[in-house]
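Below is one structure, written out as structure tokens, with a few remarks after it.
Residue numbers (my numbering): 36 to 284.
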């Protein structure tokens with residue numbers, strides 16, 4: 036069985052209200068989230084999950100808020116001796132802009148997306164302004180997209196599970212590691228969504244849906260499904276991984 040190491044690389048940040056992460060909870064508190072590109076080291080393919088922001092704001096204040104360094108796409112890949120053209124596979128959790136802005140630099144990659152994400156990026160609902168088709172137009176025109184309809188093995192040891200929650204076409208990436216199965220969530224959450232505080236547990240809730248959802252009931256069920264499917268939980272925007280070079284450590 037192939038085992039991978041997962042390297043979270045911060046390639047952007049956002050500052051907004053905490054409640055943007057935690058549905059109906061913790062509103063009114065400023066919160067800074069990291070935006071990751073996850074490099075999966077192992078096997079014979081160079082694999083990224085998401086590609087981050089094209090021009091991340093890099094400042095001491097934002098790095099202090101997340102507890103780690105922020106990188107451009109090129110500098111982040113260089114940590115592992117890579118260039119954008121070295122990437123063989125990009126897997127997208129979804130196609131909101133902050134997760135796909137550097138796709139066009141990965142000129143040799145196959146780029147895996149769910150069909151619902153491709154549909155929405157070309158015809159977004161007014162509420163979902165985070166879809167910007169310019170960021171995937173080049174790779175789509177170049178024939179690099181591999182459009183998925185459901186759960187699929189990408190390579191031995193890496194597979195995706197369709198988990199609509201934050202978006203209709205969210206794909207959770209399940210990765211075999213020496214520490215068990217790691218789940219890079221297909222929806223924008225932090226660890227608090229998966230491990231709620233006692234006041235939420237007291238309401239008989241085992242998880243908290245993402246702050247922005249397509250369907251809150253479906254989001255709850257799919258977040259719980261991911262929590263139960265993995266040994267290692269990697270929420271897309273959890274700050275603690277900004278200072279974690281390798282998972283498992």
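From the three backbone atoms N, C-alpha and C, an ideal C-beta is built for every residue, glycine too. All values derive from a computational prediction rather than experimental measurement.
Suppose you measure from the CA of residue i to the CA of residue j; what does that come to, to the nearest Å?
i, j, result
"residue 186", "residue 215", "19 Å"
"residue 182", "residue 158", "16 Å"
"residue 122", "residue 144", "6 Å"
"residue 219", "residue 63", "27 Å"
"residue 139", "residue 60", "37 Å"
"residue 152", "residue 130", "6 Å"
"residue 282", "residue 258", "21 Å"
"residue 228", "residue 45", "20 Å"
"residue 176", "residue 197", "25 Å"
"residue 166", "residue 113", "28 Å"
"residue 48", "residue 237", "32 Å"
"residue 255", "residue 90", "33 Å"
"residue 284", "residue 104", "18 Å"
"residue 173", "residue 233", "47 Å"
"residue 132", "residue 240", "31 Å"
"residue 78", "residue 168", "32 Å"
"residue 137", "residue 111", "12 Å"
"residue 163", "residue 192", "33 Å"
"residue 273", "residue 115", "22 Å"
"residue 260", "residue 149", "19 Å"
"residue 287", "residue 200", "Because the chain in this structure spans residues 36 to 284, residue 287 falls outside the shown range and cannot be described."
State the DSSP-derived secondary structure class of residue i, mapped to helix, strand or coil.
i, result
"residue 261", "helix"
"residue 66", "strand"
"residue 242", "coil"
"residue 53", "helix"
"residue 252", "helix"
"residue 43", "strand"
Do residue i and residue j have their C-beta atoms closer together than 8 Å?
i, j, result
"residue 213", "residue 42", "no"
"residue 262", "residue 249", "no"
"residue 142", "residue 120", "yes"
"residue 36", "residue 211", "yes"
"residue 58", "residue 244", "yes"
"residue 371", "residue 108", "This structure gives no information on residue 371, because the portion of the chain shown stretches from 36 to 284."
"residue 126", "residue 50", "no"
"residue 209", "residue 264", "yes"
"residue 82", "residue 124", "yes"
"residue 135", "residue 171", "yes"
"residue 76", "residue 118", "no"
Do residue i and the ligand GDP come close, with the Cβ less than 7 Å from some heavy atom?
i, result
"residue 207", "No copy of the ligand GDP appears in this structure; indeed no ligand is present at all."
If we cut at 8 Å on Cβ distances, does residue i have a partner in chain B?
i, result
"residue 252", "Within the model displayed, chain B is absent; a lone protein chain is all it includes."
Quiz item: For the 8 Å Cβ check, are there 3 or more pairs between the stretch 269 to 280 and the stretch 62 to 72?
Solution: yes
Quiz item: At a cut of 8 Å, does the stretch 217 to 227 reach the stretch 194 to 205 through at least three beta carbon pairs?
Solution: Contact holds between the stretch 217 to 227 and the stretch 194 to 205, because three or more Cβ pairs, one in each stretch, are under 8 Å apart.
Quiz item: Of all the alpha helix (DSSP H) runs that stay within the bounds of the stretch 76 to 113, which reach a length of 4 or more residues?
Solution: Here the runs fully enclosed are 95 to 101, 108 to 113.
Quiz item: Should the stretch 93 to 107 be regarded as contacting the stretch 257 to 273, the criterion being three or more beta carbon pairs within less than 8 Å?
Solution: no
Self-check item: Length-filtered (3 minimum) beta strand (DSSP E) runs lying within the stretch 133 to 172
Solution: 145 to 149
Exercise. Ignoring anything shorter than 4 residues or poking outside the stretch 177 to 250, list the alpha helix (DSSP H) runs there in chain order.
Key: 226 to 229, 233 to 236
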